[in-house]
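Visitor:
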Amino acid sequence: MRLSSLFSKLAPERMTLQGALSHIKRLGFEPETVLDVGAAGGTYEIYETFPKAFHVLIEPLEEYKPYLDRMVKRYERAEVVIAAAYHASGEVTLHVHPDLMGSSLYLEGEDSDVNGLPRVVKAVTLDHLCSNRRLEGPYLIKLDAQGAELDVLKGSEKVLENSEYVVVESSLFQFFKNGPQLIDVILFMKDRGFVVYDLLDHQYRPLDGAMSQIDLAFVKESGFFRKSHVYATRAQREIQNKRLKKGRIGMGEGSR
Numbered sequence: 044m045r046l047s048s049l050f051s052k053l054a055p056e057r058m059t060l061q062g063a064l065s066h067i068k069r070l071g072f073e074p075e076t077v078l079d080v081g082a083a084g085g086t087y088e089i090y091e092t093f094p095k096a097f098h099v100l101i102e103p104l105e106e107y108k109p110y111l112d113r114m115v116k117r118y119e120r121a122e123v124v125i126a127a128a129y130h131a132s133g134e135v136t137l138h139v140h141p142d143l144m145g146s147s148l149y150l151e152g153e154d155s156d157v158n159g160l161p162r163v164v165k166a167v168t169l170d171h172l173c174s175n176r177r178l179e180g181p182y183l184i185k186l187d188a189q190g191a192e193l194d195v196l197k198g199s200e201k202v203l204e205n206s207e208y209v210v211v212e213s214s215l216f217q218f219f220k221n222g223p224q225l226i227d228v229i230l231f232m233k234d235r236g237f238v239v240y241d242l243l244d245h246q247y248r249p250l251d252g253a254m255s256q257i258d259l260a261f262v263k264e265s266g267f268f269r270k271s272h273v274y275a276t277r278a279q280r281e282i283q284n285k286r287l288k289k290g291r292i293g294m295g296e297g298s299r
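Per this note's numbering, the sequence shown starts with residue 44, numbered consecutively.
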């Protein structure tokens, strides 16, 4: 039995956003500001895990505004910004998909009507937004931009300097014309001092069952979450080895 299979059985909750957020909270991380980019109907896992933070819900589709307005009323410090996060402030064309959820600044290569209709929307950079509102770090960023991930990050250079945890939805294929793939996101973040810390909420495409998208959780390479490079304490390793041995026996491998 592969060790990866055993580990996934031991900690399945860590494969979700909620599990990852609970983990960093247990470690003592508390963001001052949460930037939920591409909020859609809201990312309640973040708001509920860090209720004391200032939450900024950024969403370009005005159709979601009524839902988001109701959601922010539950929290002491929260605001809705109807705009597309981008590398420059002004206006940008958003391709509004029939299902709304897949709407993007980029066109998909799929041979269908998936790209919907173009709509000019307001564009903001995270740097300008945080500076204008005097929002302070440490920041936690959740980024779901449907192919525009690097555009958003390029407008967040100052914010990234004071960010400790950044979740970026990343594609393993060129679903969006000229959009980034997973490796492009990793290299961009590496150049800014971030490394991958967790892998969350992967998806598979209907075409052939290949993994299509995954959320990458980035942290500062020399930051809060990487103070130690030790794998485990002696006691922790002993406990883990016992659990692994028990798992092998349970799968019928037994001792050799």
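Glycine residues also receive a C-beta, built at the ideal position from the N, C-alpha and C atoms. Please read all numbers here as calculations on a predicted model, not as lab measurements.
Mapping the DSSP letters down to three states, classify Ser157 as helix, strand or coil.
Guide: Walking along the sequence shown from the start, residue 157 turns up at place 114. Looking at the sequence provided, one finds Val at residue 157 rather than Ser. Val157 falls in the coil class under three-state DSSP.
Visitor: I'd like the ranges of any alpha helix (DSSP H) spanning at least 4 consecutive residues and lying wholly in the stretch 211-235.
Guide: 225-234
Visitor: Helix, strand or coil: how does DSSP classify Met144 here?
Guide: Here residue 144 corresponds to residue number 101 of the sequence shown, with the count starting at 1. DSSP, reduced to helix, strand and coil, places Met144 outside both helices and strands of the structure shown, so it counts as coil.
Visitor: Cβ atoms of Leu111 and Thr92: under 8 Å apart, would you say?
Guide: As a first step, residue 92 is located in the sequence shown; it is residue number 49 there, counting from the start. As a first step, residue 111 is located in the sequence shown; it is residue number 68 there, counting from the start. Result no, Cβ atoms of Thr92 and Leu111 do not sit closer than 8 Å.
Visitor: Roughly how many angstroms lie between the CA atoms of Gly180 and Ala191, to the nearest whole one?
Guide: The residue labelled residue 180 in the question sits at position 137 within the sequence shown. The residue labelled residue 191 in the question sits at position 148 within the sequence shown. Rounded to the nearest whole angstrom, the C-alpha separation of Gly180 and Ala191 is 23 Å.
Visitor: What number of angstroms, rounded off, separates the C-alpha of Glu264 from the C-alpha of Arg248?
Guide: Numbered from 1 along the sequence shown, position 221 holds the residue referred to as residue 264. Numbered from 1 along the sequence shown, position 205 holds the residue referred to as residue 248. One C-alpha to the other measures close to 31 Å.
Visitor: Using C-beta distances below 7 Å, list every residue in its chain close to Ser132, excluding the 5 sequence neighbours before and after it, in chain order.
Guide: The sequence position of residue 132 within the sequence shown is 89, counting from 1. Counting only Cβ-Cβ distances below 7 Å, and skipping sequence neighbours, we find Ala166, Val167, Thr168 and His171.
Visitor: For Met144, does the count of other Cβ atoms within 10 angstroms reach 16, so buried, or fall short, so exposed?
Guide: The count along the sequence shown starts at 1 and reaches residue 144 at position 101. Met144 comes out exposed.
Visitor: Pairs of beta-carbons, one from the stretch 181-189 and one from the stretch 105-119, closer than 8 Å: are there three or more?
Guide: no
Visitor: Excluding five sequence neighbours on each side, which residues of the same chain lie with their C-beta closer than 6 Å to the C-beta of Pro141?
Guide: Here residue 141 corresponds to residue number 98 of the sequence shown, with the count starting at 1. Closer than 6 Å at Cβ, skipping near neighbours: Gly159.
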